[in-house]
Amino acid sequence: MTEITDALDVRRAHRTELSPLSFLERSEFVYPDKVAVVHEDRRYTYREMGERVRRLASALLGAGLERGDRVAFIAPNIPALLEAHYGVPAAGGVLVAINYRLNSEEVGFILEHSGARFVFVDHEFEELLDGEQVERTVRIDDTGDADDPYEEFLAEGSTDPLPTRLEDESEPISINYTSGTTGRPKGAVYHYRGAYLNALGEVIETQLTASSVYLWTLPMFTAMAGASPGR
């Protein structure tokens, strides 16, 4: 070994951390004007989705999110929750997508157990919070209009590129809670590497191509949602 090679950080010189965030980055670069999301009467291109994700990440950082902080979402399959799967980890946070079919006591337990500092909640499920105390709560009206509280939160952010905050692919990207059929809900920790490889495997197995249209029926709050191509 020479002095030069001895001084190299071999791990950093020969390894790229696997992250599902790279899927969106590539799609935005290669297919900026291709439709990425269809939701009711709304359409978002990959460029628009990338911008919205960066706004979410930037707004979270501006609101005080620190590396490893938990960010909870209580919502059905809507654009905001899809954006959270990218925007929360892009800011260095850990996504806690909560099953909206749980009762308020179970939701309260998950919020406390996970230590979530931020909660984004669809307007239809606000009663599930039942007075839970978190640092900041943002309502999602799912209208896409400027006066939607979620859209107002995005407006606090920037579309400027964010430096990667990932240091190790084994870091948690999300915590998915079970339904608690044999007791309290239990948190299953999902890491970047697993999310990347599961999503890639799903694309290969189902033979998806750039021309495919994927109908997302699996609830985004489940652990398996991370393996979906939309991830």
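Quick note: to get the numbering used here, add 1353 to the position in the sequence shown (first position is 1). Beta carbons are placed, not taken as given, at the ideal position from N, Cα and C, and that holds for glycine. Predicted model, so just to flag it, every value in this text is computed and none were measured.
Residue i in three-state terms, based on DSSP
i     : result
R1546 : helix
T1517 : coil
S1411 : helix
L1435 : helix
L1448 : strand
E1370 : coil
L1482 : coil
E1419 : coil
G1403 : helix
G1461 : helix
Classification of residue i by the beta-carbon crowding that lies within 10 angstroms, buried from 16 upward
i     : result
A1563 : exposed
F1382 : exposed
N1456 : exposed
E1436 : buried
Y1567 : exposed
V1388 : exposed
D1475 : buried
E1524 : buried
P1514 : exposed
V1441 : buried
A1433 : buried
V1424 : buried
A1499 : exposed
G1554 : exposed
A1428 : buried
D1495 : buried
F1574 : buried
According to DSSP, residues forming a beta bridge with residue i
i     : result
V1441 : Partner(s): none; V1441 has no beta bridge.
A1552 : Answer is none; A1552 lacks a bridge partner.
F1471 : V1424 and R1489
I1526 : Answer by DSSP bridge pairing: none, since I1526 is not bridged.
A1541 : N1529
V1566 : Answer is none; V1566 lacks a bridge partner.
L1561 : Answer is none; L1561 lacks a bridge partner.
Span of the beta strand (DSSP E), counted from its first residue to its last, around residue i
i     : result
A1431 : Note that residue 1431 corresponds to Ile in the displayed sequence, not to Ala. Segment: none, I1431 is in no beta strand (DSSP E) and carries neither H nor E.
R1454 : Segment: none, R1454 is in no beta strand (DSSP E) and carries neither H nor E.
Y1397 : R1395 to T1398
A1389 : V1388 to H1392
Continuous alpha helix (DSSP H) stretch holding residue i: start and end
i     : result
R1379 : L1374 to V1383
P1572 : That residue, P1572, is in no alpha helix (DSSP H); it is neither H nor E in DSSP.
F1506 : P1502 to A1508
Test: residue i CB closer than 8 Å to a CB of chain D
i     : result
T1512 : No chain D appears in this structure, which consists of one protein chain only.
Handout entry: Stretch pair the region 1468 to 1475 + the region 1540 to 1552: three plus CB contacts closer than 8 Å
Key = The region 1468 to 1475, when compared against the region 1540 to 1552, does not touch it at the 8 Å Cβ threshold.
Problem - Inter-stretch contact at 8 Å, needing at least 3 Cβ pairs: the region 1458 to 1465 / the region 1480 to 1488 - result: The region 1458 to 1465 vs the region 1480 to 1488: in contact.
Handout entry: Inter-stretch contact (C-beta, 8 Å, three-pair minimum) for the region 1525 to 1539 and the region 1441 to 1453
Key = Segments in contact, yes.
Handout entry: Segment contact, 8 Å Cβ cut-off, at least three pairs: the region 1494 to 1510 with the region 1401 to 1413
Key = Yes, the region 1494 to 1510 is in contact with the region 1401 to 1413.
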